[in-house]
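Taken in sequence, the protein lines are chains A and B. Just so we're aligned, residue 134 is where the first sequence starts under my numbering, counting upward by one. Just so we're aligned, residue 134 is where the second sequence starts under my numbering, counting upward by one. Here the structure is laid out as structure tokens; the discussion comes afterwards.
Number of protein chains: 2
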Amino acid sequence: MNPLFAERTKAARRSVIRELLKLTEQPNIISFAGGLPDPDTFPREFLAQVAADEIRNNPGKTLQYTTTEGKLPLREPLSRWFAEDGMEFPPDHIVITSASQQGLDLVAKVFLDPGDVVLVGLPTYIGAIQAFQAMQAKLVGVPLEDDGMDLHALSDAITTARLAGQIPKFIYVVPDFQNPSGITWSEEKRRGLLEIASREDLVVVEDMPYRKLRYVGKPVPPVASLDEEGRVVVLFTFSKTLAAGLRLGALAGPKEIVEKVVTMKQATDLCTSSLTQRLAVRFFQEYDVEGHMRTICAHYRKKRDAMLSALERYMPKDEGISWTKPEGGLFLWVRFPEHLDTEQMLPRAIEHKVAYVIGAPFFVDGKGHNTMRLSFSSATTEQLEEGIRRLGQVVEEELASLRSPQRV
Amino acid sequence: MNPLFAERTKAARRSVIRELLKLTEQPNIISFAGGLPDPDTFPREFLAQVAADEIRNNPGKTLQYTTTEGKLPLREPLSRWFAEDGMEFPPDHIVITSASQQGLDLVAKVFLDPGDVVLVGLPTYIGAIQAFQAMQAKLVGVPLEDDGMDLHALSDAITTARLAGQIPKFIYVVPDFQNPSGITWSEEKRRGLLEIASREDLVVVEDMPYRKLRYVGKPVPPVASLDEEGRVVVLFTFSKTLAAGLRLGALAGPKEIVEKVVTMKQATDLCTSSLTQRLAVRFFQEYDVEGHMRTICAHYRKKRDAMLSALERYMPKDEGISWTKPEGGLFLWVRFPEHLDTEQMLPRAIEHKVAYVIGAPFFVDGKGHNTMRLSFSSATTEQLEEGIRRLGQVVEEELASLRSPQRV
Chain A
134 MNPLFAERTK
144 AARRSVIREL
154 LKLTEQPNII
164 SFAGGLPDPD
174 TFPREFLAQV
184 AADEIRNNPG
194 KTLQYTTTEG
204 KLPLREPLSR
214 WFAEDGMEFP
224 PDHIVITSAS
234 QQGLDLVAKV
244 FLDPGDVVLV
254 GLPTYIGAIQ
264 AFQAMQAKLV
274 GVPLEDDGMD
284 LHALSDAITT
294 ARLAGQIPKF
304 IYVVPDFQNP
314 SGITWSEEKR
324 RGLLEIASRE
334 DLVVVEDMPY
344 RKLRYVGKPV
354 PPVASLDEEG
364 RVVVLFTFSK
374 TLAAGLRLGA
384 LAGPKEIVEK
394 VVTMKQATDL
404 CTSSLTQRLA
414 VRFFQEYDVE
424 GHMRTICAHY
434 RKKRDAMLSA
444 LERYMPKDEG
454 ISWTKPEGGL
464 FLWVRFPEHL
474 DTEQMLPRAI
484 EHKVAYVIGA
494 PFFVDGKGHN
504 TMRLSFSSAT
514 TEQLEEGIRR
524 LGQVVEEELA
534 SLRSPQRV
Chain B
134 MNPLFAERTK
144 AARRSVIREL
154 LKLTEQPNII
164 SFAGGLPDPD
174 TFPREFLAQV
184 AADEIRNNPG
194 KTLQYTTTEG
204 KLPLREPLSR
214 WFAEDGMEFP
224 PDHIVITSAS
234 QQGLDLVAKV
244 FLDPGDVVLV
254 GLPTYIGAIQ
264 AFQAMQAKLV
274 GVPLEDDGMD
284 LHALSDAITT
294 ARLAGQIPKF
304 IYVVPDFQNP
314 SGITWSEEKR
324 RGLLEIASRE
334 DLVVVEDMPY
344 RKLRYVGKPV
354 PPVASLDEEG
364 RVVVLFTFSK
374 TLAAGLRLGA
384 LAGPKEIVEK
394 VVTMKQATDL
404 CTSSLTQRLA
414 VRFFQEYDVE
424 GHMRTICAHY
434 RKKRDAMLSA
444 LERYMPKDEG
454 ISWTKPEGGL
464 FLWVRFPEHL
474 DTEQMLPRAI
484 EHKVAYVIGA
494 PFFVDGKGHN
504 TMRLSFSSAT
514 TEQLEEGIRR
524 LGQVVEEELA
534 SLRSPQRV
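Okay, here's the thing in structure tokens:
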């Protein structure tokens, strides 16, 4: 069959992370590798009740096809939710998607011809890399600083691409508690991003899977709320705020773009599940959504604090080791000295019954071998303590072995 | 934003049918236009009970992410179901999809570079046209005869494409009760199709959304069951057999292709809803699936019989009007004299409070203006009788007006 495959298929690789995750699924391993939300945060009793009620009493709206745009009674509260956060998207500027991975697929389809350039962070979310590469985009990495992308490097990268005859289409950002780094952009950099997008006539794709998960500090306005030209497309997901298994999210943006997204979605899956949409409709109608968000945030905050506190105590601090202190989300990011390779260290970690995700796959420039992502979402606070203690041990041993002459 | 859109987006059009459907949604119109399954066929009490039970007692499997391939306890009974029908696909040759529209999107992504040729029926399913065109394929139409594609025309079309320097990749067929025509392929033609695919080294994409909905006659073996070379990809959906709103289906095929499909699905939506998958798992575990299929078939058979009987009585039989007598599925197909244009006739039908789908959008060669699709799935037997009576009247008036000198 090989000669019949499309070019995109020949090049496509499965996520290295998913393959490595299999390694970490052994018993007794404390894993910081997965990025899964904690199922304890899903309002299961509520969902169980409304699922039965909806299917039994509202089968025409739950078991039958629905519109490609998605159910209006879901787009309406989403529109209000966005507005509370400063984003003005009327319901007809919103499309319900099969979670934000489908949002990524749809923006890729709408904007990307083979060879078109997408600007992404170094590091950036792997699912975005896969979606954009599936449409054969050229991904250009821009270094992430503590407060967002290096905007000079962003400008330069766009100029360089244009000089090489390439066509930049959009800048992909996760401005709040980014996966994988945990970094949040400053308002200044968000405004700077929009200035560059305006000057260069580019779209900004603002992915906000974690925005509602802020544990400390004050929210920074979404890029979309600062946009006066209609060039920001927002991707939202219910995976971290309601339940990941529903596969439910939304894409919001300027009407002209949203119309094209709907056309592409029609060809992609006709519509997102009526049943899961109705569960989210009821969630907005009847559940204490704001209270639920506070509960989730308090839940994850404890875990984040436990991981940060354990890192302070157990991670060797010499040799230029540093990590981010995310104000929300599910991840933090550890940087090691150049000569420590986290992929080479992984077997040692597995031996010590602790797992992490290697950083390199998040970098489109082939670097990042000395970084790792740690997720604090699934482990208990006891596991967080013990796991980081083990990890500190692993790093110490690895650094010692790198210093020892046998290794050379 | 227009200059930023991809080439595929500039060319993409929404389904004409969906736009026309809006016309038909006026009160008192008897509509044969929609292709929706009858919600009465969905086992709603069962689904309501298991949904509540699964969410309450099995939240880790229903509310959390699942694997891209889909749940094994769903792929296993599907594998057995396929085997009962002569198709040998072990569970690891099966991927759970977000219904068969996603199957179409995934095969398009896996196989199609811009300009690649896909052979399709004249007429063919519009969702397939949209999915293949989204990957910028060139669709080449092959006339459908009463027992399947004209295989000589198929061979010729492949040869012509190759001579023009184009690359044919696959032949797309719906061999059982095709949407829109209702036609079922003979076993002879199915074997002939495989011979051509083998000789030309092409893949066959066998879409079987209606296969389980046979009301009369003996099942013809699926193309995949006759395939000895591993070149058939099967698309299945639960939309007509369980519930359309779940957005659940499956793709089965040779391992090499399925692996690529999984890679593409990862980039497309990570996974299909865990919740809806679990409902189907329970459906296979606990429901009387075969009894359910018999009930559905008996239900639709009555409707089909009512429509066919009404057509016999009310449709003018002169002037070369003919229609198909499908042995299953949801649709039949009416052909009118060349000078009758069903799109031009539509306002007259709406006036008479009856609706159908015009045939032309199902033809990739720009023809079919004198055809229409009638769905018997949603109307009651009384509505079927009355609606066809009205339609007969509409056709008579239209033919009369076409004969009258005023119109010239």
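Quick reminder that beta carbons are idealized off the backbone N, C-alpha and C, glycines included.
Distance check for residue j and residue i, CA to CA, integer angstroms please.
i	j	result
F310 of chain B	V365 of chain B	19 Å
K204 of chain A	L277 of chain B	37 Å
N503 of chain B	M478 of chain B	10 Å
G236 of chain A	Y258 of chain B	25 Å
V550 of chain B	W214 of chain B	The question about residue 550 of chain B has no answer, for chain B in this structure spans 134 to 541.
R481 of chain A	V487 of chain A	9 Å
H329 of chain B	R411 of chain A	According to the sequence shown, residue 329 of chain B is Ile rather than His. Answer to the nearest angstrom: the Cα atoms are 46 Å apart.
L207 of chain B	A413 of chain B	7 Å
D360 of chain A	M220 of chain A	9 Å
P192 of chain B	T428 of chain A	18 Å
E158 of chain B	S164 of chain B	8 Å
K450 of chain B	A216 of chain A	60 Å
L137 of chain A	H226 of chain B	19 Å
D334 of chain B	F265 of chain B	19 Å
S319 of chain B	N135 of chain B	47 Å
A184 of chain A	T292 of chain A	52 Å
M505 of chain B	A493 of chain B	8 Å
D298 of chain A	T201 of chain B	Per the sequence shown, residue 298 of chain A should be read as Gly rather than Asp. Roughly 37 Å between the two C-alpha positions.
H425 of chain A	A443 of chain A	27 Å
R344 of chain A	E140 of chain B	33 Å
Would you identify the three-state DSSP class for residue i, choosing helix, strand or coil?
i	result
L327 of chain B	helix
R347 of chain A	strand
M341 of chain A	coil
E221 of chain B	coil
A145 of chain B	coil
A227 of chain A	First, the residue type needs correcting, since residue 227 of chain A is Ile and not Ala in the sequence shown. In the structure shown, I227 of chain A sits in a strand (DSSP, three-state: E or B).
W353 of chain B	The sequence given here places Val at residue 353 of chain B; Trp does not occur at that position. DSSP places V353 of chain B in coil when its eight states are reduced to three.
P276 of chain A	strand
S508 of chain A	strand
I262 of chain B	helix
V541 of chain B	At V541 of chain B, the pLDDT of 45 sits below 50, so the modelled position is not reliable and the matter cannot be decided from this model.
S164 of chain B	strand
S455 of chain B	strand
Y305 of chain B	strand
A93 of chain B	It is not possible to answer for residue 93 of chain B, since the shown part of chain B is limited to 134 through 541.
I491 of chain A	strand
Below 6 Å CB to CB, which residues in the same chain sit around residue i once its five sequence neighbours on both sides are set aside?
i	result
D171 of chain B	S510, S511
A377 of chain A	P170
I162 of chain A	K486, A488
G386 of chain B	V366
F469 of chain B	I454, N503
D249 of chain A	A270, I300, K302
N312 of chain B	Y258, F464
What's the call for residue i, buried or exposed, on a 16-neighbour Cβ count within 10 Å?
i	result
V367 of chain A	buried
S233 of chain A	buried
T370 of chain A	buried
E460 of chain A	buried
V307 of chain B	buried
P109 of chain A	In the structure as shown, chain A starts at 134 and stops at 541, and residue 109 of chain A therefore has no counterpart that could be examined.
Return the chain-ordered list of same chain residues with a C-beta closer than 8 Å to the C-beta of residue i, the five sequence neighbours on each side being excluded.
i	result
M448 of chain A	I454, W456, V467, I521, L524, G525, V528
L153 of chain B	A166, L479, V490, I491
L156 of chain A	L479, I483, A488
K458 of chain A	G315, L441, L465
Could you tell me whether any non-hydrogen atom of the ligand SAH is closer than 8 Å to the CB of residue i?
i	result
L465 of chain B	Of the ligands one can find in the structure shown there are none, so the ligand SAH has no counterpart to examine.
With a CB to CB cut of under 7 Å and the five nearest residues on each side skipped, what residues in its chain are close to residue i?
i	result
T409 of chain A	L379, R380, L381
E530 of chain A	R481
G260 of chain A	Q234, L237
_Count Cβ pairs between the segment 389-405 of chain B and the segment 416-429 of chain B that sit closer than 8 Å; are there 3 or more?_
The segment 389-405 of chain B vs the segment 416-429 of chain B: no contact.
_Assess contact between the segment 376-395 of chain A and the segment 240-252 of chain A, defined as three or more Cβ pairs (one per stretch) separated by less than 8 Å. Is contact present?_
By the Cβ test, the segment 376-395 of chain A is in contact with the segment 240-252 of chain A, since at least three Cβ pairs between them sit closer than 8 Å.
_Three or more C-beta pairs under 8 Å: does that hold for the segment 159-176 of chain B against the segment 181-197 of chain A?_
Yes, the segment 159-176 of chain B touches the segment 181-197 of chain A.
*Would you check if there are 3 or more beta carbon pairs closer than 8 Å linking the segment 281-293 of chain B to the segment 304-323 of chain B?*
A contact exists between the segment 281-293 of chain B and the segment 304-323 of chain B.
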